[in-house]
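This report concerns only the one structure given below.
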Amino acid sequence: MTETAGLSRTSPSSPDKDDRVAILEVDGLRKSYGSELVLEDITLRIFEGELVSIVGPSGCGKTTMLRCLSGLLPHEGGTVRIAGEEVTGPPDTLGLVFQDYSRSLLPWLSVADNVRLPLRYKPISKKEAEERTAEALESVGLAAHTRKKPWQLSGGMQQRVAIARALAYHPRLLLMDEPFASVDAQTRVELEDLTLRLWAERDMTIAFVTHDIDEAIYLGGRIVVLTRTPTTIREVMPVDLPRPRDQIATKALDEFGRLRASVFTALGHHQ
Amino acid sequence: MRSVLTWRRLPGWRQLLSILVTLLLVQALSVTGLLSRDSFPLPSEVLVRLGELVTGAGFWVSVGDSLGQAMLGLALGTAVAVPLGLLLGRFAPAEQAVRPIIEFLRPIPSIALLPLVILTAGVGMSGSVILTGLSSLWMVLVLAIRGARATDPVAEQTLVSFGVPPLARVWRLVLPSALPFILTGIRIAASVALVVAITVELLGGMPGLGKDVQASLQNGDKAGVYAYTIAAGLLGLLVNFVFVPIEDRLLSWHSSRRAAR
Ligand SMILES: Nc1ncnc2c1ncn2[C@@H]1O[C@H](COP(=O)(O)OP(=O)(O)OP(=O)(O)O)[C@@H](O)[C@H]1O
Ligand SMILES: [Mg+2]
Numbered sequence: 223m224t225e226t227a228g229l230s231r232t233s234p235s236s237p238d239k240d241d242r243v244a245i246l247e248v249d250g251l252r253k254s255y256g257s258e259l260v261l262e263d264i265t266l267r268i269f270e271g272e273l274v275s276i277v278g279p280s281g282c283g284k285t286t287m288l289r290c291l292s293g294l295l296p297h298e299g300g301t302v303r304i305a306g307e308e309v310t311g312p313p314d315t316l317g318l319v320f321q322d323y324s325r326s327l328l329p330w331l332s333v334a335d336n337v338r339l340p341l342r343y344k345p346i347s348k349k350e351a352e353e354r355t356a357e358a359l360e361s362v363g364l365a366a367h368t369r370k371k372p373w374q375l376s377g378g379m380q381q382r383v384a385i386a387r388a389l390a391y392h393p394r395l396l397l398m399d400e401p402f403a404s405v406d407a408q409t410r411v412e413l414e415d416l417t418l419r420l421w422a423e424r425d426m427t428i429a430f431v432t433h434d435i436d437e438a439i440y441l442g443g444r445i446v447v448l449t450r451t452p453t454t455i456r457e458v459m460p461v462d463l464p465r466p467r468d469q470i471a472t473k474a475l476d477e478f479g480r481l482r483a484s485v486f487t488a489l490g491h492h493q
Numbered sequence: 003m004r005s006v007l008t009w010r011r012l013p014g015w016r017q018l019l020s021i022l023v024t025l026l027l028v029q030a031l032s033v034t035g036l037l038s039r040d041s042f043p044l045p046s047e048v049l050v051r052l053g054e055l056v057t058g059a060g061f062w063v064s065v066g067d068s069l070g071q072a073m074l075g076l077a078l079g080t081a082v083a084v085p086l087g088l089l090l091g092r093f094a095p096a097e098q099a100v101r102p103i104i105e106f107l108r109p110i111p112s113i114a115l116l117p118l119v120i121l122t123a124g125v126g127m128s129g130s131v132i133l134t135g136l137s138s139l140w141m142v143l144v145l146a147i148r149g150a151r152a153t154d155p156v157a158e159q160t161l162v163s164f165g166v167p168p169l170a171r172v173w174r175l176v177l178p179s180a181l182p183f184i185l186t187g188i189r190i191a192a193s194v195a196l197v198v199a200i201t202v203e204l205l206g207g208m209p210g211l212g213k214d215v216q217a218s219l220q221n222g223d224k225a226g227v228y229a230y231t232i233a234a235g236l237l238g239l240l241v242n243f244v245f246v247p248i249e250d251r252l253l254s255w256h257s258s259r260r261a262a263r
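Protein sequences, first through last, are from chains A and B. Taking my numbering, the leading residue of the first sequence gets 223, the next gets one more, and so forth. Taking my numbering, the leading residue of the second sequence gets 3, the next gets one more, and so forth.
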């Protein structure tokens, strides 16, 4: 917590990871709404190329935390650095995917225009914006639906539009806030595997907030477990499951069951 | 689908039948002398008079004058009201600061300002446009303020997180979100502007249908008074109908219209 920025690039507890560069450095983050203290002390490193799952009880401040990390919300204490820069407003190295896709997409714009909109304000050419839009929509499997309006698509497809919008932005860090909480189980499985594929294909770090313990284990390389409010980090668990992951094989491993029990216990449930 | 919808908006045979029955009833009442001929001319006379009017050139000049004064005022009022309303809707402190002024000025009927306008601008088109403009301004302003508040905070945060600058967010997000309110305001303001224009012509002598009604009254042309009144009513209906397809097109994305597609 008292490390300087230079030293914080290395993690003393795991000497074998000395070469890893922290893309997100959070130190003593504190946030309250009025007199209600929500985040008491969040201290966390996320390293380049990681996929970290963040789980916590409902209402513990996961969304609040992501909004502080992305500079959408001011915090009262501590520091947040992304790619070494202290966050004061939304950095252009960051992409966000919200849970509520139906509210985060603009209904009067086509699918392609929704994806293209943020690129208008980036210093890139029109042609490149066009290429990035097409590529992002292609990679989430929506190349055939670019001219439709978001509300003409299913929920899962709408969330893929939101993911494509973030991908086209070429973020180094992607923050996802319970992105699959409101789609059906089958679609959820597809979107989880889509997330893993995109993460493997791209030079991108992902912080994935979820309610679902299985989802956290299935996706994550580490799992950050939060306490109830006032929130701190209860535990950070490494996930030693082989990649690529598989919905059936991975979930059948003994280690998966062991992790599920640990996360459950850490969240304060009795077995 | 679209053509069926447009058809449904036009008066169907039921509406035509009820109009016809009413006319026949009034005709019967007048012919039998139950309605005094002095104040109620025969519907047939009025229709003949209306026929004469619409085949003459002077009538259309008056229609053009009335419509012109109403629509020019509407356009000017809207051009001021939309940016001002979006600004006030987004910045609560600014809105609180000017709210007393708005609340004081808004309820003053435009017509009450007619003497003032005649004194300053005279009885030409410009005087009339000031009044239709003011009446449109208040109507659209109130709805633009309300509309700016309809912006979804999740959508706004998404655009902020993607670095879309403030002015671009107004253009790309706040304005489209407010559009359902603004268009409703414009449609109502259009009808009101026409009423204001004709009233101003009637009372102040600005050129247009209102002035013609006044002239018919002074000449004792009773059928003419009725014919002009009917023409003004039809014009009001027309103005309303013109805005319906415009709203439909611009708001096809809106949740209230999706089912119709
Ligand atoms: N804008 C706000 N103003 C006041 N209090 C808020 C605000 N947003 C959230 N809170 C409160 O802060 C706490 C954390 O909310 P937050 O939405 O961050 O939790 P969460 O972990 O994301 O919840 P969930 O699991 O339901 O998504 C809650 O008690 C909530 O009531
Ligand atoms: Mg949340």
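Think of the CB as a built atom: it goes at the ideal place given N, C-alpha and C, for glycine as much as any other residue.
Listed by position in the chain, the residues whose beta carbon lies within less than 5 Å of some heavy atom of ligand 1 are Tyr255/A, Val260/A, Ser280/A, Gly281/A, Cys282/A, Gly283/A, Lys284/A, Thr285/A and Thr286/A. By DSSP's assignment, glutamate 457/A forms a beta bridge with Val447/A. At a cut-off of 8 Å between beta-carbon atoms, valine 166/B makes contact with chain A. Nearest Cα to threonine 310/A within the set Lys348/A, Leu294/A and Trp421/A: Leu294/A. Between the C-alpha atoms of alanine 403/A and phenylalanine 430/A there is a straight-line separation of about 12 Å. DSSP places isoleucine 268/A inside the beta strand (DSSP E), whose first and last residues are 258 to 269. Cβ contact annotation for glycine 250/A (same chain, cutoff 7 Å, sequence separation greater than five): Met223, Asp263, Thr265, Gly299 and Gly300, in chain order.
Valine 319/A has Met398/A as its beta-bridge partners, per DSSP. Under a 10 Å Cβ-count criterion, glutamate 414/A is classified as buried, with 16 or more other Cβ atoms of the shown protein chains found around its own Cβ. Close to valine 172/B, with beta-carbon spacing below 7 Å, lies no residue of chain A; the smallest spacing is near 13 Å. Take tyrosine 323/A, set aside five residues on each side of it, and the residues of its chain with a beta-carbon closer than 6 Å to its own are Gln380, Gln381 and Ala384, in chain order. Cβ-Cβ separation between valine 119/B and leucine 133/B: approximately 6 Å, consistent with a contact (criterion under 8 Å).
For chain B, the residues of the segment 290 to 308 of chain A that bring a beta carbon within less than 7 Å of one of its beta carbons are Ser292 and Leu294, in chain order. Excluding five sequence positions before and after phenylalanine 164/B, none of the CB atoms of its chain fall closer than 7 Å to its own CB. Under DSSP, glutamate 307/A forms a beta bridge with Ile304/A. Assignment of serine 254/B by DSSP, reduced to helix, strand and coil, places it in the coil class.
Using a Cβ-Cβ cut-off of 7 Å, serine 326/A is close to Val156, Ala157 and Thr160 of chain B, given in chain order. In the displayed model, lysine 370/A falls within coil according to three-state DSSP, outside both helix and strand. Tyrosine 255/A: not part of any alpha helix (DSSP H); member of the beta strand (DSSP E) spanning 244 to 255, first to last residue. Using a Cβ-Cβ cut-off of 7 Å, lysine 371/A is close to Trp255 of chain B, given in chain order.
The continuous stretches of beta strand (DSSP E) do not include phenylalanine 486/A, which lies in the alpha helix (DSSP H) extending over residues 476 to 488. For valine 50/B, the uninterrupted alpha helix (DSSP H) run begins and ends at 45 to 57, by DSSP.
In this structure, glutamate 308/A has its beta carbon at no less than 7 Å from each heavy atom of ligand 2. Chain A places no beta carbon closer than 8 Å to that of leucine 69/B, leaving this residue out of the contacts.
Residue contact with chain B for proline 312/A: present (Cβ-Cβ distance below 8 Å to some residue of chain B). Straight through space, the alpha carbons of leucine 239/B and leucine 341/A are spaced by roughly 45 Å. Classified as exposed, lysine 349/A has fewer than 16 neighbouring CB atoms from the shown chains inside 10 Å of its CB. The contact set of arginine 260/B on chain A, defined by CB atoms closer than 7 Å, consists of Trp373 in chain order. Here tryptophan 62/B is exposed: its Cβ has fewer than 16 other Cβ atoms, across all protein chains shown, within 10 Å. In this structure, the C-beta of glutamate 357/A stays at least 7 Å away from each heavy atom of ligand 2.
Residues of chain B with a Cβ closer than 7 Å to the Cβ of phenylalanine 320/A are, in chain order, Val156 and Thr160. Tyrosine 391/A reaches chain B at Phe164, counting residues in chain order whose Cβ is nearer than 8 Å. If you look at serine 275/A, you'll find it in the beta strand (DSSP E) that goes 273 to 277. Looking only at Asp399/A, Thr432/A, Ala365/A and Gly283/A, the smallest Cα-Cα distance to proline 452/A is reached by Gly283/A. In this structure, DSSP gives glycine 442/A a state outside helix and strand, which the three-state scheme calls coil. Between leucine 395/A and leucine 316/A, the gap from beta carbon to beta carbon is short of 8 Å.
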